[in-house]
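Chemist:
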Amino acid sequence: MEELDYLVVGAGLFGAVFAHEAASRGKKVLVIDKRNHVGGNVYSYEKNGIMVHHYGAHIFHTNNTKVWNYVNRFADFNRFTNSPVANYRGKIYSLPFNMYTFNTMWGVITPEEAEKKIEEERRAAGIGEPKNLEEQAISLVGREIYEKLIKGYTKKQWGRDCKDLPASIIRRLPVRFTYDNNYFNALYQGIPVEGYTAMVEKMLEGIPVELSVDFLEKKEEWMSKAKKVIFTGAIDAYYDYCLGELEYRKVRFEVEELPIPNFQGNAAVNYTDEESPYTRIIEHKWFTFGKDRAGKDLPTTIISKEYSAEWKRGEEPYYPVNDEKNQALFAEYQALAKKEEKLLFGGRLGEYKYYDMDAVIAAALQFSENTLR
Ligand code: UDP
Numbered sequence: 216m217e218e219l220d221y222l223v224v225g226a227g228l229f230g231a232v233f234a235h236e237a238a239s240r241g242k243k244v245l246v247i248d249k250r251n252h253v254g255g256n257v258y259s260y261e262k263n264g265i266m267v268h269h270y271g272a273h274i275f276h277t278n279n280t281k282v283w284n285y286v287n288r289f290a291d292f293n294r295f296t297n298s299p300v301a302n303y304r305g306k307i308y309s310l311p312f313n314m315y316t317f318n319t320m321w322g323v324i325t326p327e328e329a330e331k332k333i334e335e336e337r338r339a340a341g342i343g344e345p346k347n348l349e350e351q352a353i354s355l356v357g358r359e360i361y362e363k364l365i366k367g368y369t370k371k372q373w374g375r376d377c378k379d380l381p382a383s384i385i386r387r388l389p390v391r392f393t394y395d396n397n398y399f400n401a402l403y404q405g406i407p408v409e410g411y412t413a414m415v416e417k418m419l420e421g422i423p424v425e426l427s428v429d430f431l432e433k434k435e436e437w438m439s440k441a442k443k444v445i446f447t448g449a450i451d452a453y454y455d456y457c458l459g460e461l462e463y464r465k466v467r468f469e470v471e472e473l474p475i476p477n478f479q480g481n482a483a484v485n486y487t488d489e490e491s492p493y494t495r496i497i498e499h500k501w502f503t504f505g506k507d508r509a510g511k512d513l514p515t516t517i518i519s520k521e522y523s524a525e526w527k528r529g530e531e532p533y534y535p536v537n538d539e540k541n542q543a544l545f546a547e548y549q550a551l552a553k554k555e556e557k558l559l560f561g562g563r564l565g566e567y568k569y570y571d572m573d574a575v576i577a578a579a580l581q582f583s584e585n586t587l588r
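Mapping the sequence shown onto this note's numbering, position 142 (from 1) lands on 357, and the numbers just tick up by one.
(1) State the start and end residues of the unbroken beta strand (DSSP E) segment that holds Leu522.
(2) Considering only heavy atoms of ligand 1, does any lie closer than 7 Å to the CB of Ala301?
(3) Using alpha carbons as the reference points, say which of Asn297, Val286, Glu432, Val244 lies closest to Pro311.
(4) Run through DSSP, which three-state label would Val536 get?
(5) Which one of Ser259, Tyr453, Asp488, Ala579 has the shortest CA to CA distance from Ala552?
(6) Run through DSSP, which three-state label would His252 get?
(7) Using only the heavy atoms of ligand 1, determine whether one of them is closer than 7 Å to the beta carbon of Thr319.
(8) Considering only their Cβ atoms, is the gap separating Tyr285 from Leu587 smaller than 8 Å?
(9) Measure the beta-carbon distance from Gly367 to Glu489 and round it to whole angstroms, keeping in mind my assumption that it falls under 8 Å.
(10) When you compare the CB positions of Leu544 and Gly459, do they come within less than 8 Å of one another, or not?
(11) Kindly give me the distance between the Cβ atoms of Leu222 and Ala449, rounded to whole angstroms, as I take these residues to be in contact under 8 Å.
(12) Compare the C-alpha of Gly529 against each of Phe275, Thr369, Arg464, Asn313 and name the closest.
(13) Report yes or no: do three or more beta-carbon pairs, one from the stretch 383 to 390 and one from the stretch 412 to 431, lie closer than 8 Å?
(14) Should Ser354 go down as buried or exposed, given a rule of 16 or more other Cβ atoms within 10 Å for buried?
(15) Tell me whether the beta-carbon of Ile517 lies closer than 8 Å to the beta-carbon of Ile265.
(16) So within the stretch 427 to 459, which uninterrupted beta strand (DSSP E) runs reach at least 3 residues, ignoring any that extend past its ends?
(17) If you drop the 5 nearest sequence neighbours on each side, which residues of the same chain put their C-beta closer than 7 Å to that of Asp451?
(18) For the putative contact between Thr447 and Gly230, defined by C-beta atoms under 8 Å, what is the C-beta separation to the nearest angstrom?
(19) Cβ of Gln581 within 7 Å of any heavy atom in ligand 1?
(20) Inspect the CB distances between the stretch 231 to 246 and the stretch 477 to 489 and report whether three or more fall short of 8 Å.
(21) Return the chain-ordered ranges of every alpha helix (DSSP H) run that is complete within the stretch 295 to 356 and spans a minimum of 4 residues.
(22) Would you mind reading off the limits of the beta strand (DSSP E) that contains Thr277?
(23) What separation, rounded to the nearest whole angstrom, lies between the Cα atoms of Glu595 and Val323?
(24) From Lys332 to Glu498, what distance separates their C-alpha atoms?
(25) If you reduce the DSSP assignment to three classes, tell me which class Ala483 lands in.
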């Protein structure tokens, strides 16, 4: 019956890396995915010469040399550097928070002046050890930047007040006292020249993949086919939500093709006020510097507006809501998972984690080493 060594449920980054590692050690592997494409949420497709990030912008960045060398085995990366800008009520500010932002906001020129200004605002707010996202943000950049560039955006993205969110979310963002608009503090950064889908396809080369297959519909049958099952879907869905639903945010994209060469002059513009209904607009052509794969200028453009909303059963989950309540519920599901004999969970949904791509790959490589010993 168990003709497979590993059944991998989910053809996203975690599943693809594990499948690659298992197959290259001579294991018999099958990958299945309920979607009609591989790549999970990094899936990209080409339209009018433009590489479109179907499930939202993915910019690969890492400090992990091992991971960088690993992904470069499957794709050539361009030198794209993420420098999003914030649009707050029609005024543009640089992101992440750096000397350009402080200069536009307050007219300060030197790092010393900027630090002094932030220190004043921090003192006025009287915050000790930050207990939530609002306190963390104010102690990092002061109240004015919090009000203009963080509060509205975060409320729209998470559907919760900044006081009810963990400080850790905002710690993802760098604050620097240099004139440097590079969003990430990463040694390596770029976008696969042929797109993420081609990269994942290369990882899965030679491995059987079945698409449009819903594992959960025939769970018992699938479970009987393999010695081990690696499940990268949502852990609560696997257990049929028996302990309750974990909360996720979902993102809805409104995609528009426009007959103009340049809509917003940048890959990402964040709308940080509370009033605009979307959180950000992505103009996909700028991930490849406005050119197609042959290096020709693209005459038209494709944009996607991102709307954030609470996830409901049956929809695509995007961001896990890592607050205490959800972490506690996740721990209960993990206790169930520990009892499984042939089933292992992994990836953003399986581990209920706000994962960057490089961290998913690092985790999948570590998991492969532990599992395939
Ligand atoms: N954030 C913000 N203003 C911005 C961009 C980000 O307040 O213009 C906050 C927001 O709380 C968000 C968090 O920083 O959830 C992390 O942002 P990041 O850009 O890392 O989110 P992602 O790209 O993963 O959606």
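Cβ coordinates follow ideal geometry from the N, Cα and C atoms, glycine included.
Modeler: For this structure:
(1) Residue identity differs from the one stated: residue 522 is Tyr in this sequence, not Leu. Run containing Tyr522: 516 to 525, per the beta strand (DSSP E) assignment.
(2) yes
(3) Asn297
(4) coil
(5) Tyr453
(6) Coil.
(7) no
(8) no
(9) The Cβ separation is near 4 Å, so the contact holds.
(10) yes
(11) With a Cβ gap of about 17 Å, Leu222 and Ala449 do not count as contacting.
(12) Arg464
(13) no
(14) buried
(15) Result yes, Cβ atoms of Ile517 and Ile265 sit closer than 8 Å.
(16) 441 to 446
(17) Glu460, Leu461, Tyr548
(18) Yes, they are in contact, since the Cβ atoms of Thr447 and Gly230 sit about 5 Å apart, within 8 Å.
(19) no
(20) no
(21) 314 to 321, 326 to 340, 348 to 356
(22) 275 to 277
(23) This structure cannot settle anything about residue 595, because the visible part of the chain is limited to 216 through 588.
(24) Cα to Cα, Lys332 sits roughly 34 Å from Glu498.
(25) strand
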